[in-house]
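> If you scroll down you'll find the structure; I have some questions about it.
Numbering (our numbering), first residue to last: 337 to 798.
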């Protein structure tokens, strides 16, 4: 691979070039799958903490009639709708993830893309469903490969930082930008990029808001570039660029090898449970071991999780008696305690009195987290879960990949079940006929003349 490979130029060329006919059948299927999944978790996000505060403030920050909020169907400026919908998608920790990149690409991407498409539709320039799927693929490629390209330990919140550039690339694809304008838009995005990991550490709702800020920034970056305002160009590998200040140890050859050849949509993992993806391994192992070995939760004396450093660093936090919802979702012992106490991990298990359930905390106290010797700072797996029973019996589960990974995927039926379950978790619950309508629109998205109808239906304002 060339050591002089220009990532910014390559990303811009890819964004400009890709059409629906370029996509693999697998990428198209994954696009529909994770579009439905993301809309579902965004709908369920209406039950999350602080959503009405975000909605009210975002509407004040940008009133208008350009795009739809997916809570209440309220109309507002495109950038404000992007903030609200990004927050809804991520606030429950239920949205899909690119494990190799440690990026949740859809939250930033879809919130920005739908808001931009609604604005275009209102101005008489509707975006068809086949074009939308191609733009999604472009966005996931750029966001995913920004994460894949680095060996750095996570220092910034990649769903926000990398996600913003993915959203810019997707909008550039739909807007018909040339390569120069697209590179300029990347520059304007870089000037707005935000995403500290401190909210993750503290369980603060700012985590999801940062995704929203970058989604709004992507729309604004493209507006600036379209207006002819020049942005900086060497934003990824320049002296003060992304791979100097935000990430380190860039490997351009990984981008060169994959871009346009491996669709990152096909590498996305579901989140079967509304908690940090790094907590899913212990639930997967407990579920399988209890089924295979026939022991009951009360038989468990200790659960030892031998996991990579990323897992220990991001979700190895201690259980505390009265955690905030965001803290609990990112606490591996608490999540394991939920599954042992209730036999499930679902949206109601991470709010209200459920956060103080003494049985959950009793099980959480039995969980130990140990290093596994892995030196890859971005690896989610493999993991080894060891369950020791009160009678001294030990059961071990080796996980090459965790449930939801492309190698251990949700079935189409499980994906649809999750979507309808999410609709039931909304506040108020989404009526069955509207949920079915959304499902049907996604199934036939490539036949849609205007994808704005999908966003409006999701918000209940169709």
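We put the CB at the ideal spot given by N, CA and C, even for glycine.
Compare the Cα-Cα distances from residue 781 to each of 350, 356, 340, 347 and report the closest residue.
Comparing Cα-Cα distances from residue 781 to each of 350, 356, 340, 347, the minimum goes to 356.
> Bridge partners of residue 707, per DSSP?
The partner list for residue 707 (beta bridge, DSSP) reads 643.
> Is the separation between the beta-carbon of residue 449 and that of residue 490 shorter than 8 Å?
Not a contact, by the Cβ cut-off of 8 Å.
> State yes or no: is the C-beta of residue 468 within less than 8 Å of the C-beta of residue 501?
No; because the gap between Cβ atoms is not below 8 Å, this pair is not in contact.
> How big is the Cα-Cα spacing for residue 345 and residue 405?
So the two alpha carbons sit approximately 34 Å from each other.
> Quick one: Cα of residue 788 to Cα of residue 385, how far?
Distance between the alpha carbons of residue 788 and residue 385: 27 Å.
> Under 7 Å from any heavy atom of the ligand FMN, does the C-beta of residue 772 make it?
As far as ligands go, the structure on display features none, and thus does not contain the ligand FMN.
> Can you tell me whether DSSP reads residue 353 as helix, strand or coil?
It is helical.
> Under a three-way DSSP split, which group does residue 461 fall into?
In the structure shown, residue 461 sits in coil (DSSP, three-state: anything other than H, G, I, E or B).
> Output the distance between the C-alpha atoms of residue 437 and residue 487, rounded to the nearest integer angstrom.
The alpha-carbon atoms of residue 437 and residue 487 are separated by roughly 10 Å.
> Sort out for me which residues DSSP pairs residue 638 with in a bridge.
Paired residue(s): 724.
> Hey, residue 724 and residue 628 are a contact pair by Cβ (cut 8 Å); roughly how many whole angstroms apart?
Not really, about 16 Å apart at Cβ, beyond 8 Å.
> From the DSSP secondary-structure annotation, give me the bridge partner or partners of residue 403.
Answer by DSSP bridge pairing, in chain order: 412.
> Looking at the strands, I want to know which residues DSSP matches up with residue 733.
DSSP lists 721 as partners of residue 733.
> Let's test the definition: count the other Cβ atoms within 10 Å of the Cβ of residue 748 and tell me whether it reaches 16, buried, or not, exposed.
With fewer than 16 Cβ atoms within 10 Å of its Cβ, residue 748 is classed as exposed.
> Measure the alpha-carbon distance for residue 359 versus residue 451 and round it to whole angstroms.
Their backbone Cα atoms lie some 24 Å apart in a straight line.
> Just to confirm, are residue 415 and residue 601 a CB contact at a threshold of 8 Å?
In this structure, residue 601 does not lie closer than 8 Å to residue 415 by Cβ.
> Indicate the three-state DSSP secondary structure (helix, strand or coil) for residue 434 in the structure shown.
In this structure, residue 434 counts as strand in the three-state DSSP scheme.
> Using 8 Å as the Cβ pair cut-off and three pairs as the minimum, do the segment 713-728 and the segment 640-649 touch?
Verdict: yes, contact present.
> Considering only C-alpha positions, which residue in the set 430, 378, 460 is nearest to residue 422?
Residue 378 is the option with its Cα nearest to residue 422.
> If I follow the unbroken alpha helix (DSSP H) through residue 534, where does it start and stop?
Segment 534-538, the alpha helix (DSSP H) holding residue 534.
> What residues match up with residue 586 in a beta bridge as DSSP calls it?
Its beta-bridge partners are 486.
> If distances are taken between C-alpha atoms only, which option among 572, 394, 654 comes closest to residue 821?
In the structure as shown, the chain begins at 337 and stops at 798. Residue 821 is therefore absent and cannot be evaluated.
> Pull up the distance between the alpha-carbon of residue 572 and that of residue 460, whole angstroms please.
Approximately 35 Å, taken between the alpha carbons.
> So, is the C-beta of residue 725 closer than 8 Å to a C-beta in chain B?
As a matter of chain content, chain B is missing from the structure shown, which is built from one protein chain.
> Taking only three categories from DSSP, how would you classify residue 571?
DSSP places residue 571 in coil when its eight states are reduced to three.
> Residue 512 to residue 462, Cα distance in whole Å?
Cα to Cα, residue 512 sits roughly 13 Å from residue 462.
> Label residue 550 either buried or exposed according to how many other C-beta atoms from any shown protein chain fall within 10 Å of its C-beta, with 16 as the threshold for buried.
Buried, since its Cβ has 16 or more Cβ neighbours within 10 Å.
> Could you give the DSSP three-state label for residue 447: helix, strand or coil?
Here residue 447 sits in helix by DSSP.
> If we call anything under 8 Å between Cβ atoms a contact, is residue 740 one with residue 536?
No, they are not a contact pair.
> Where does residue 439 sit, in a helix, a strand or coil, going by DSSP?
Note: residue 439 maps to strand in three-state DSSP.
> Do you know how far the Cα of residue 721 is from the Cα of residue 706?
Spanning the two alpha carbons is a distance of roughly 10 Å.
> With DSSP as the reference, label residue 845 as helix, strand or coil.
With the chain running from 337 to 798 in the structure shown, residue 845 is simply not present.
> Which value, in whole angstroms, describes the spacing of the CA atoms of residue 315 and residue 583?
Residue 315 is absent from the structure shown; the chain starts at 337 and stops at 798.
> Could you tell me the alpha carbon to alpha carbon distance between residue 675 and residue 618, rounded to whole angstroms?
About 9 Å.
> Per DSSP, which one or two residues make a beta bridge with residue 791?
BP columns for residue 791 are empty, so no partner.
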